[in-house]
Amino acid sequence: MIIQDLASFIEGNIVGKDSFFDDEGFTGKFTFLNDAVEGDIVIRHKINGKGVEIAAGKNLACLITQTPQDGACDKAKELNFPLIVVDKIELATAYALKWTVEKFSPDSKNVIITGTNGKSTTSHLIYHILKNTGVHVLTNTDSESEFNTLIDPMVSKLISDEVKNNGKLDYLVIEVSEVQGWLGNLMKHHAYLMASAVKPSVGVITNIAMDHIGLVNSIDEVFDEINQVPNAIGDGVTVLNYDDDLVMKLTPKHPFLCSMNNMDSKNPNVYYDNGIFYEGKRILENKDLPFTSHHFIQNILSAVAACISLNMDIEDIVEGVKSYRPLNRRFSKLHENPLIVDDFAHNPDGIKATIAETRKLLAENQTLYVVCSIRGSRGVEINKLNVEALAESMDDNTKLVLSSSNDVVDHLNFVEDEEREIFFEVLNQNNIDYNYFDNLCDCLKDTYKCADANDIILLIGAQGMDPAEGLLENILRK
(Lines of atoms letter the chains of each structure in order from A and count residues from 1; the text may use other names and numbers.)
(Lines give C-alpha, C1' and ligand atoms only; values in the text may rest on other atoms or scores of the structure.)
Protein backbone atom coordinates (compact mmCIF):
# COMPACT_ATOMS: atom_id res chain seq x y z
CA MET A 1 0.00 0.00 0.00
CA ILE A 2 1.17 3.54 -0.75
CA ILE A 3 -0.08 6.53 1.18
CA GLN A 4 -1.84 8.03 -1.85
CA ASP A 5 -3.99 4.91 -2.17
CA LEU A 6 -4.83 5.02 1.54
CA ALA A 7 -5.80 8.69 1.34
CA SER A 8 -7.96 7.97 -1.69
CA PHE A 9 -9.74 5.04 -0.01
CA ILE A 10 -10.67 7.15 3.03
CA GLU A 11 -11.32 10.37 1.06
CA GLY A 12 -8.58 12.29 2.85
CA ASN A 13 -5.96 14.91 2.03
CA ILE A 14 -2.28 14.48 2.87
CA VAL A 15 -0.51 17.22 4.82
CA GLY A 16 3.27 17.06 5.17
CA LYS A 17 5.27 14.21 3.65
CA ASP A 18 3.56 12.56 0.67
CA SER A 19 4.81 9.09 1.55
CA PHE A 20 4.82 7.02 4.72
CA PHE A 21 7.20 8.46 7.35
CA ASP A 22 8.91 5.15 8.02
CA ASP A 23 11.22 4.17 5.16
CA GLU A 24 9.78 0.65 5.26
CA GLY A 25 6.25 2.03 4.81
CA PHE A 26 3.21 0.74 6.65
CA THR A 27 4.48 -2.40 8.36
CA GLY A 28 2.32 -2.60 11.45
CA LYS A 29 -1.35 -2.19 12.31
CA PHE A 30 -4.04 0.44 12.90
CA THR A 31 -4.05 1.44 16.55
CA PHE A 32 -4.00 4.20 19.19
CA LEU A 33 -1.20 6.69 19.78
CA ASN A 34 -0.34 5.41 23.26
CA ASP A 35 0.02 1.82 22.02
CA ALA A 36 1.59 2.54 18.63
CA VAL A 37 5.06 1.39 17.65
CA GLU A 38 7.23 1.94 14.60
CA GLY A 39 5.40 1.35 11.32
CA ASP A 40 1.86 1.60 12.78
CA ILE A 41 -0.91 3.94 11.65
CA VAL A 42 -2.84 5.87 14.28
CA ILE A 43 -6.43 7.07 13.80
CA ARG A 44 -7.67 9.86 16.10
CA HIS A 45 -10.66 12.18 15.95
CA LYS A 46 -8.49 15.06 17.10
CA ILE A 47 -4.75 15.63 17.03
CA ASN A 48 -2.63 18.62 18.00
CA GLY A 49 0.93 19.61 17.23
CA LYS A 50 2.27 17.74 20.24
CA GLY A 51 0.50 14.58 19.06
CA VAL A 52 2.15 14.88 15.64
CA GLU A 53 5.51 15.32 17.35
CA ILE A 54 4.93 12.16 19.43
CA ALA A 55 3.95 10.21 16.29
CA ALA A 56 7.09 11.33 14.47
CA GLY A 57 9.20 10.42 17.49
CA LYS A 58 7.76 6.91 17.42
CA ASN A 59 8.51 6.66 13.68
CA LEU A 60 4.89 5.83 12.87
CA ALA A 61 3.84 5.35 9.26
CA CYS A 62 1.29 8.19 9.41
CA LEU A 63 -1.55 9.79 11.37
CA ILE A 64 -5.20 10.03 10.30
CA THR A 65 -7.51 12.61 11.88
CA GLN A 66 -10.79 14.40 11.31
CA THR A 67 -9.88 17.44 13.40
CA PRO A 68 -6.32 18.78 13.29
CA GLN A 69 -5.90 21.52 15.89
CA ASP A 70 -3.37 23.60 17.81
CA GLY A 71 -0.78 23.61 15.06
CA ALA A 72 -1.08 19.98 13.96
CA CYS A 73 -0.82 20.73 10.24
CA ASP A 74 2.06 23.17 10.71
CA LYS A 75 3.92 20.62 12.83
CA ALA A 76 3.37 17.92 10.19
CA LYS A 77 4.90 20.20 7.55
CA GLU A 78 7.77 21.21 9.84
CA LEU A 79 8.67 17.58 10.65
CA ASN A 80 7.84 16.38 7.12
CA PHE A 81 5.46 13.89 8.74
CA PRO A 82 2.42 12.51 6.83
CA LEU A 83 -0.92 13.59 8.33
CA ILE A 84 -4.09 12.54 6.49
CA VAL A 85 -7.07 14.80 7.20
CA VAL A 86 -10.52 13.30 6.52
CA ASP A 87 -14.07 14.64 6.61
CA LYS A 88 -15.48 11.39 8.01
CA ILE A 89 -13.41 9.45 10.52
CA GLU A 90 -15.71 6.45 10.09
CA LEU A 91 -14.41 5.94 6.55
CA ALA A 92 -10.89 5.63 7.96
CA THR A 93 -11.87 3.24 10.76
CA ALA A 94 -14.03 1.17 8.38
CA TYR A 95 -11.08 0.84 6.02
CA ALA A 96 -8.83 -0.06 8.95
CA LEU A 97 -11.25 -2.82 9.97
CA LYS A 98 -11.51 -4.15 6.41
CA TRP A 99 -7.72 -4.16 6.00
CA THR A 100 -7.22 -5.83 9.40
CA VAL A 101 -9.71 -8.62 8.68
CA GLU A 102 -8.10 -9.28 5.29
CA LYS A 103 -4.54 -9.27 6.67
CA PHE A 104 -4.92 -10.88 10.08
CA SER A 105 -8.00 -13.09 9.71
CA PRO A 106 -8.53 -13.81 6.00
CA ASP A 107 -9.86 -17.34 6.46
CA SER A 108 -12.20 -16.87 9.42
CA LYS A 109 -15.96 -17.17 9.18
CA ASN A 110 -17.44 -13.91 10.35
CA VAL A 111 -20.75 -13.02 12.00
CA ILE A 112 -22.16 -9.52 12.59
CA ILE A 113 -25.00 -8.66 14.95
CA THR A 114 -26.93 -5.38 14.86
CA GLY A 115 -30.30 -3.96 15.91
CA THR A 116 -31.63 -1.73 18.67
CA ASN A 117 -31.89 -4.26 21.51
CA GLY A 118 -30.26 -7.58 22.30
CA LYS A 119 -27.03 -7.15 20.35
CA SER A 120 -24.65 -7.82 23.22
CA THR A 121 -26.48 -10.87 24.58
CA THR A 122 -26.87 -12.38 21.11
CA SER A 123 -23.22 -11.70 20.24
CA HIS A 124 -21.92 -13.15 23.48
CA LEU A 125 -24.11 -16.24 23.22
CA ILE A 126 -22.92 -16.95 19.66
CA TYR A 127 -19.34 -16.46 20.86
CA HIS A 128 -19.89 -18.87 23.76
CA ILE A 129 -21.52 -21.56 21.61
CA LEU A 130 -18.58 -21.45 19.20
CA LYS A 131 -15.92 -21.28 21.91
CA ASN A 132 -17.51 -24.23 23.68
CA THR A 133 -16.54 -26.44 20.71
CA GLY A 134 -12.85 -25.56 21.07
CA VAL A 135 -12.46 -23.25 18.08
CA HIS A 136 -10.54 -19.95 18.25
CA VAL A 137 -13.13 -17.16 18.24
CA LEU A 138 -13.03 -13.45 19.05
CA THR A 139 -15.88 -11.10 19.93
CA ASN A 140 -15.80 -7.37 20.57
CA THR A 141 -18.45 -7.52 23.32
CA ASP A 142 -18.17 -8.50 26.97
CA SER A 143 -19.92 -7.61 30.22
CA GLU A 144 -17.83 -4.47 30.66
CA SER A 145 -17.50 -3.00 27.18
CA GLU A 146 -19.20 -2.82 23.83
CA PHE A 147 -16.54 -1.93 21.29
CA ASN A 148 -19.12 -1.87 18.53
CA THR A 149 -18.43 1.37 16.66
CA LEU A 150 -16.27 3.04 14.05
CA ILE A 151 -15.49 5.93 16.39
CA ASP A 152 -11.95 4.60 16.81
CA PRO A 153 -9.81 1.66 15.59
CA MET A 154 -10.51 -0.47 18.69
CA VAL A 155 -12.04 -3.44 16.84
CA SER A 156 -9.12 -3.48 14.40
CA LYS A 157 -6.71 -3.44 17.32
CA LEU A 158 -8.56 -6.25 19.12
CA ILE A 159 -8.32 -8.48 16.04
CA SER A 160 -4.66 -7.83 15.24
CA ASP A 161 -3.62 -8.19 18.89
CA GLU A 162 -5.53 -11.46 19.29
CA VAL A 163 -3.95 -13.01 16.20
CA LYS A 164 -0.45 -11.87 17.15
CA ASN A 165 -0.82 -13.15 20.70
CA ASN A 166 -2.83 -16.34 20.18
CA GLY A 167 -2.66 -17.33 16.53
CA LYS A 168 -5.08 -17.78 13.66
CA LEU A 169 -8.77 -17.09 14.24
CA ASP A 170 -11.50 -19.47 13.12
CA TYR A 171 -14.42 -17.09 13.75
CA LEU A 172 -15.10 -13.40 14.33
CA VAL A 173 -18.33 -12.43 16.11
CA ILE A 174 -18.70 -8.68 15.78
CA GLU A 175 -21.40 -6.57 17.40
CA VAL A 176 -22.25 -3.51 15.28
CA SER A 177 -23.95 -0.39 16.63
CA GLU A 178 -27.07 0.20 14.54
CA VAL A 179 -26.87 3.99 14.99
CA GLN A 180 -23.71 5.86 15.85
CA GLY A 181 -22.45 9.41 15.98
CA TRP A 182 -19.75 11.66 17.33
CA LEU A 183 -20.26 15.01 19.04
CA GLY A 184 -23.92 15.00 18.08
CA ASN A 185 -23.33 14.26 14.40
CA LEU A 186 -24.71 11.09 12.83
CA MET A 187 -22.27 8.71 11.18
CA LYS A 188 -24.50 7.98 8.21
CA HIS A 189 -25.03 4.27 7.51
CA HIS A 190 -22.62 3.28 10.27
CA ALA A 191 -23.98 -0.27 10.52
CA TYR A 192 -23.58 -0.85 6.77
CA LEU A 193 -20.01 0.49 6.75
CA MET A 194 -18.93 -1.62 9.70
CA ALA A 195 -20.71 -4.78 8.55
CA SER A 196 -19.24 -4.45 5.05
CA ALA A 197 -15.74 -4.19 6.49
CA VAL A 198 -16.15 -7.50 8.33
CA LYS A 199 -17.42 -9.40 5.25
CA PRO A 200 -19.83 -11.59 7.22
CA SER A 201 -21.07 -14.98 6.13
CA VAL A 202 -23.90 -14.59 8.65
CA GLY A 203 -25.63 -11.47 9.93
CA VAL A 204 -28.24 -11.04 12.68
CA ILE A 205 -30.74 -8.16 12.92
CA THR A 206 -32.43 -8.32 16.32
CA ASN A 207 -35.06 -5.56 16.11
CA ILE A 208 -35.65 -1.97 15.00
CA ALA A 209 -36.83 0.52 17.63
CA MET A 210 -36.16 4.04 18.89
CA ASP A 211 -32.89 4.87 20.63
CA HIS A 212 -30.06 7.38 20.13
CA ILE A 213 -32.49 10.30 19.97
CA GLY A 214 -30.78 13.37 18.55
CA LEU A 215 -28.74 11.33 16.10
CA VAL A 216 -32.00 9.96 14.70
CA ASN A 217 -35.39 11.48 15.41
CA SER A 218 -37.90 9.04 13.94
CA ILE A 219 -38.34 5.32 13.52
CA ASP A 220 -38.02 5.85 9.77
CA GLU A 221 -34.53 7.22 10.30
CA VAL A 222 -33.60 4.19 12.43
CA PHE A 223 -34.92 1.92 9.67
CA ASP A 224 -32.88 3.84 7.11
CA GLU A 225 -29.73 3.21 9.15
CA ILE A 226 -30.34 -0.56 9.25
CA ASN A 227 -31.92 -1.00 5.83
CA GLN A 228 -28.59 -1.35 4.01
CA VAL A 229 -27.14 -4.01 6.32
CA PRO A 230 -28.49 -6.97 4.28
CA ASN A 231 -26.52 -5.59 1.32
CA ALA A 232 -23.36 -5.82 3.43
CA ILE A 233 -24.20 -9.46 4.23
CA GLY A 234 -24.76 -10.09 0.52
CA ASP A 235 -24.78 -13.80 -0.33
CA GLY A 236 -24.50 -14.73 3.33
CA VAL A 237 -27.41 -15.64 5.60
CA THR A 238 -29.36 -12.87 7.35
CA VAL A 239 -31.12 -13.88 10.56
CA LEU A 240 -34.31 -11.84 11.00
CA ASN A 241 -36.68 -11.36 13.93
CA TYR A 242 -39.96 -12.49 12.37
CA ASP A 243 -41.95 -10.83 15.17
CA ASP A 244 -40.66 -7.33 14.34
CA ASP A 245 -42.68 -5.71 11.54
CA LEU A 246 -39.90 -3.32 10.56
CA VAL A 247 -37.26 -6.05 10.46
CA MET A 248 -39.51 -8.03 8.15
CA LYS A 249 -39.52 -5.13 5.68
CA LEU A 250 -35.85 -5.83 5.03
CA THR A 251 -35.06 -7.79 1.86
CA PRO A 252 -31.95 -9.97 2.29
CA LYS A 253 -31.00 -12.56 -0.32
CA HIS A 254 -31.02 -15.46 2.13
CA PRO A 255 -33.22 -14.89 5.20
CA PHE A 256 -33.37 -17.17 8.24
CA LEU A 257 -36.36 -16.39 10.45
CA CYS A 258 -36.84 -16.65 14.22
CA SER A 259 -40.08 -16.20 16.09
CA MET A 260 -41.69 -16.60 19.49
CA ASN A 261 -44.48 -18.50 17.70
CA ASN A 262 -44.71 -21.35 15.22
CA MET A 263 -44.73 -19.97 11.69
CA ASP A 264 -45.66 -21.09 8.23
CA SER A 265 -42.65 -20.12 6.13
CA LYS A 266 -40.69 -21.60 3.27
CA ASN A 267 -37.56 -19.95 4.68
CA PRO A 268 -35.40 -21.79 7.22
CA ASN A 269 -36.55 -20.87 10.69
CA VAL A 270 -36.42 -21.54 14.41
CA TYR A 271 -39.27 -20.78 16.79
CA TYR A 272 -40.23 -21.00 20.45
CA ASP A 273 -43.09 -23.11 21.83
CA ASN A 274 -42.18 -24.10 25.38
CA GLY A 275 -38.77 -24.90 23.95
CA ILE A 276 -36.85 -24.13 20.76
CA PHE A 277 -37.81 -25.89 17.53
CA TYR A 278 -35.89 -26.35 14.29
CA GLU A 279 -37.23 -28.23 11.28
CA GLY A 280 -40.28 -29.24 13.29
CA LYS A 281 -38.28 -30.83 16.12
CA ARG A 282 -37.68 -29.53 19.63
CA ILE A 283 -33.92 -29.14 19.99
CA LEU A 284 -33.95 -27.35 23.36
CA GLU A 285 -36.40 -27.78 26.19
CA ASN A 286 -37.59 -24.82 28.22
CA LYS A 287 -35.70 -25.98 31.32
CA ASP A 288 -32.42 -25.89 29.38
CA LEU A 289 -32.65 -22.20 28.42
CA PRO A 290 -30.41 -19.72 30.27
CA PHE A 291 -33.18 -17.10 30.13
CA THR A 292 -36.91 -17.34 30.72
CA SER A 293 -37.99 -13.81 29.78
CA HIS A 294 -39.59 -13.23 26.39
CA HIS A 295 -37.10 -10.74 24.96
CA PHE A 296 -34.08 -12.79 26.01
CA ILE A 297 -35.53 -15.95 24.47
CA GLN A 298 -35.65 -13.96 21.23
CA ASN A 299 -31.89 -13.46 21.62
CA ILE A 300 -31.41 -17.21 22.08
CA LEU A 301 -33.41 -17.87 18.92
CA SER A 302 -31.23 -15.43 16.97
CA ALA A 303 -28.03 -17.01 18.28
CA VAL A 304 -29.23 -20.53 17.50
CA ALA A 305 -30.24 -19.47 13.99
CA ALA A 306 -26.84 -17.86 13.42
CA CYS A 307 -25.00 -20.98 14.56
CA ILE A 308 -27.17 -23.22 12.37
CA SER A 309 -26.32 -20.89 9.47
CA LEU A 310 -22.64 -21.48 10.23
CA ASN A 311 -23.33 -25.20 9.66
CA MET A 312 -22.61 -26.13 13.26
CA ASP A 313 -23.82 -29.48 14.57
CA ILE A 314 -27.12 -29.16 16.40
CA GLU A 315 -25.67 -31.09 19.35
CA ASP A 316 -22.88 -28.51 19.72
CA ILE A 317 -25.38 -25.65 19.60
CA VAL A 318 -27.55 -27.30 22.25
CA GLU A 319 -24.58 -27.89 24.56
CA GLY A 320 -23.46 -24.29 24.10
CA VAL A 321 -26.86 -22.87 25.02
CA LYS A 322 -27.18 -25.15 28.05
CA SER A 323 -23.78 -24.11 29.42
CA TYR A 324 -24.17 -20.37 28.81
CA ARG A 325 -23.95 -17.89 31.68
CA PRO A 326 -25.52 -14.50 30.89
CA LEU A 327 -23.66 -11.21 30.73
CA ASN A 328 -23.90 -8.89 33.71
CA ARG A 329 -27.04 -6.78 33.97
CA ARG A 330 -29.08 -8.98 31.64
CA PHE A 331 -32.05 -9.74 33.90
CA SER A 332 -29.53 -10.72 36.56
CA LYS A 333 -30.74 -11.88 39.97
CA LEU A 334 -28.81 -10.03 42.68
CA HIS A 335 -30.70 -11.03 45.83
CA GLU A 336 -33.56 -13.10 47.25
CA ASN A 337 -36.18 -11.97 49.77
CA PRO A 338 -36.81 -9.48 48.35
CA LEU A 339 -35.94 -10.57 44.84
CA ILE A 340 -33.71 -7.92 43.24
CA VAL A 341 -33.33 -8.08 39.46
CA ASP A 342 -30.86 -5.90 37.54
CA ASP A 343 -31.27 -5.19 33.83
CA PHE A 344 -29.59 -2.86 31.32
CA ALA A 345 -32.96 -1.75 29.86
CA HIS A 346 -32.37 1.84 28.76
CA ASN A 347 -34.71 2.60 25.86
CA PRO A 348 -38.52 2.52 25.56
CA ASP A 349 -38.91 -0.99 24.13
CA GLY A 350 -36.41 -2.45 26.58
CA ILE A 351 -38.05 -0.75 29.55
CA LYS A 352 -41.56 -1.95 28.71
CA ALA A 353 -40.43 -5.51 27.93
CA THR A 354 -38.35 -5.82 31.11
CA ILE A 355 -41.09 -4.51 33.40
CA ALA A 356 -43.64 -6.82 31.76
CA GLU A 357 -41.40 -9.86 32.26
CA THR A 358 -40.63 -8.95 35.88
CA ARG A 359 -44.31 -8.52 36.67
CA LYS A 360 -44.86 -12.18 35.74
CA LEU A 361 -42.71 -13.12 38.76
CA LEU A 362 -44.71 -11.00 41.21
CA ALA A 363 -46.83 -12.77 43.80
CA GLU A 364 -50.43 -11.69 44.31
CA ASN A 365 -50.89 -8.59 46.48
CA GLN A 366 -47.15 -7.85 46.47
CA THR A 367 -45.34 -4.77 45.17
CA LEU A 368 -42.97 -4.29 42.26
CA TYR A 369 -40.48 -1.49 42.87
CA VAL A 370 -39.11 -0.16 39.57
CA VAL A 371 -35.88 1.71 40.28
CA CYS A 372 -34.80 3.67 37.21
CA SER A 373 -31.66 5.72 36.64
CA ILE A 374 -32.29 8.70 34.39
CA ARG A 375 -30.07 8.73 31.29
CA GLY A 376 -27.52 11.48 31.74
CA SER A 377 -26.21 13.74 28.96
CA ARG A 378 -28.34 11.98 26.33
CA GLY A 379 -30.86 14.77 25.80
CA VAL A 380 -34.49 15.46 26.58
CA GLU A 381 -36.04 13.42 23.76
CA ILE A 382 -34.78 9.96 24.73
CA ASN A 383 -35.60 10.66 28.37
CA LYS A 384 -39.10 11.76 27.39
CA LEU A 385 -39.63 8.51 25.50
CA ASN A 386 -38.22 6.51 28.41
CA VAL A 387 -40.44 8.12 31.03
CA GLU A 388 -43.47 7.69 28.76
CA ALA A 389 -42.61 3.98 28.58
CA LEU A 390 -42.42 3.91 32.37
CA ALA A 391 -45.75 5.70 32.71
CA GLU A 392 -47.36 3.21 30.33
CA SER A 393 -45.98 0.32 32.42
CA MET A 394 -47.24 1.45 35.82
CA ASP A 395 -50.15 -0.20 37.67
CA ASP A 396 -51.57 -0.27 41.20
CA ASN A 397 -48.99 -2.83 42.37
CA THR A 398 -45.99 -0.93 41.02
CA LYS A 399 -44.01 1.82 42.72
CA LEU A 400 -41.57 3.99 40.80
CA VAL A 401 -38.26 5.21 42.19
CA LEU A 402 -35.92 7.50 40.23
CA SER A 403 -32.31 8.56 40.62
CA SER A 404 -29.86 10.81 38.82
CA SER A 405 -27.00 8.68 40.23
CA ASN A 406 -24.96 11.81 40.93
CA ASP A 407 -22.75 9.87 43.33
CA VAL A 408 -21.56 7.33 40.77
CA VAL A 409 -21.57 8.85 37.25
CA ASP A 410 -18.87 10.84 35.47
CA HIS A 411 -19.34 14.04 33.47
CA LEU A 412 -20.25 12.06 30.35
CA ASN A 413 -23.32 10.62 32.08
CA PHE A 414 -24.35 13.49 34.35
CA VAL A 415 -28.11 14.15 34.38
CA GLU A 416 -28.83 17.69 33.25
CA ASP A 417 -31.65 19.72 34.79
CA GLU A 418 -33.85 19.48 31.70
CA GLU A 419 -33.40 15.69 31.52
CA ARG A 420 -34.53 15.32 35.10
CA GLU A 421 -37.40 17.81 34.69
CA ILE A 422 -38.90 15.99 31.70
CA PHE A 423 -39.23 12.89 33.89
CA PHE A 424 -41.06 14.86 36.56
CA GLU A 425 -43.24 16.65 34.01
CA VAL A 426 -44.48 13.51 32.26
CA LEU A 427 -45.11 11.63 35.50
CA ASN A 428 -46.98 14.56 37.03
CA GLN A 429 -49.12 14.92 33.91
CA ASN A 430 -50.05 11.25 34.21
CA ASN A 431 -50.72 11.50 37.97
CA ILE A 432 -48.07 8.89 38.73
CA ASP A 433 -46.47 8.93 42.17
CA TYR A 434 -42.72 8.50 42.41
CA ASN A 435 -39.78 8.95 44.75
CA TYR A 436 -36.66 10.72 43.54
CA PHE A 437 -33.08 10.63 44.86
CA ASP A 438 -30.08 12.58 43.63
CA ASN A 439 -27.76 9.75 44.69
CA LEU A 440 -28.08 6.10 43.72
CA CYS A 441 -26.81 4.80 47.06
CA ASP A 442 -29.55 6.63 48.97
CA CYS A 443 -32.09 5.44 46.41
CA LEU A 444 -31.13 1.77 46.84
CA LYS A 445 -30.98 1.98 50.64
CA ASP A 446 -34.46 3.49 50.90
CA THR A 447 -36.04 1.09 48.40
CA TYR A 448 -34.54 -1.97 50.09
CA LYS A 449 -35.78 -0.70 53.46
CA CYS A 450 -39.33 -0.23 52.13
CA ALA A 451 -39.64 -3.58 50.33
CA ASP A 452 -41.16 -6.65 51.96
CA ALA A 453 -39.51 -10.05 51.59
CA ASN A 454 -42.01 -11.14 48.91
CA ASP A 455 -41.78 -7.93 46.89
CA ILE A 456 -39.57 -7.49 43.81
CA ILE A 457 -37.10 -4.68 43.16
CA LEU A 458 -36.26 -4.16 39.48
CA LEU A 459 -33.21 -2.03 38.67
CA ILE A 460 -33.15 -0.56 35.16
CA GLY A 461 -31.03 1.97 33.33
CA ALA A 462 -27.72 2.37 31.54
CA GLN A 463 -24.50 3.80 32.98
CA GLY A 464 -26.27 5.37 35.95
CA MET A 465 -27.32 1.93 37.20
CA ASP A 466 -24.09 0.06 36.39
CA PRO A 467 -22.62 0.48 39.92
CA ALA A 468 -25.80 -0.74 41.65
CA GLU A 469 -24.59 -4.29 42.31
CA GLY A 470 -21.51 -3.08 44.15
CA LEU A 471 -23.51 -0.57 46.16
CA LEU A 472 -26.06 -3.23 47.08
CA GLU A 473 -23.35 -5.57 48.35
CA ASN A 474 -22.36 -2.92 50.89
CA ILE A 475 -25.97 -2.14 51.80
CA LEU A 476 -26.87 -5.80 52.33
CA ARG A 477 -23.75 -6.40 54.40
CA LYS A 478 -24.80 -3.83 57.02
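With our numbering, the residue at position 211 of the sequence shown is 229, and numbering never jumps.
Ideal Cβ placement from N, Cα and C applies to all residues, glycine included.
Here the structure is a predicted model, which is why all the values come from computation and not from measurement.
- Sequence-distant partners of residue 350 (beyond 5 residues in either direction) whose C-beta falls short of 6 angstroms from its own C-beta, in its chain, are 360.
- In the three-state reduction of the DSSP assignment, residue 204 falls in the strand class, which pools E and B.
- Cβ neighbours of residue 421 within its own chain (closer than 6 angstroms, five residues either side excluded): 391, 455, 458, 461.
- Taking 9 angstroms as the cut-off, the beta carbon of residue 344 is found no closer than this to the beta carbon of residue 475.
- Here DSSP, grouped into helix, strand and coil, assigns residue 465 to helix.
- The criterion of a C-beta distance shorter than 9 angstroms is not satisfied by residue 184 and residue 103.
- Close CB contacts of residue 363 within its chain, under the 6 angstroms cut and outside five residues either way in sequence, are with 369, 372, 478 (chain order).
- The bridge partners DSSP lists for residue 273 are 256.
- DSSP, read as helix, strand or coil, puts residue 332 in helix.
- In the three-state DSSP reduction, residue 492 falls in the helix class (H, G or I).
- Residue nearest to residue 482 within the set 442, 469, 432, 448 is 432 (criterion: CA-CA distance).
- The beta-carbon separation of residue 73 and residue 60, rounded to 6 angstroms, stays under the 8 angstroms limit for a contact.
- Boundaries of the beta strand (DSSP E) harbouring residue 220: 220 to 223, taken from the DSSP string.
- Assigned with DSSP and collapsed to three states, residue 435 falls in helix.
- Here DSSP, grouped into helix, strand and coil, assigns residue 63 to strand.
- Leaving aside the five residues that flank residue 25 on each side, the residues in its chain whose CB is nearer than 6 angstroms to its CB run, in chain order, 32, 102.
- Apart from sequence neighbours up to five positions away, the residues of its chain that approach residue 112 with a beta-carbon distance below 8 angstroms are 168, 211, 212, 214, 215, ordered along the chain.
- Boundaries of the beta strand (DSSP E) harbouring residue 189: 189 to 193, taken from the DSSP string.
- Residue 144 carries a helical assignment under DSSP once its states are collapsed to helix, strand and coil.
- DSSP places residue 405 within a helical segment (H, G or I) once states are collapsed to three.
- Pairing residue 342 with residue 122, the inter-Cα distance amounts to about 28 angstroms.
- Ranked by Cα distance from residue 326, the options 39, 222, 115 are led by 222.
- Unbroken beta strand (DSSP E) stretches of 3 residues or longer found wholly inside the region 68 to 95: 80 to 86, given in chain order.
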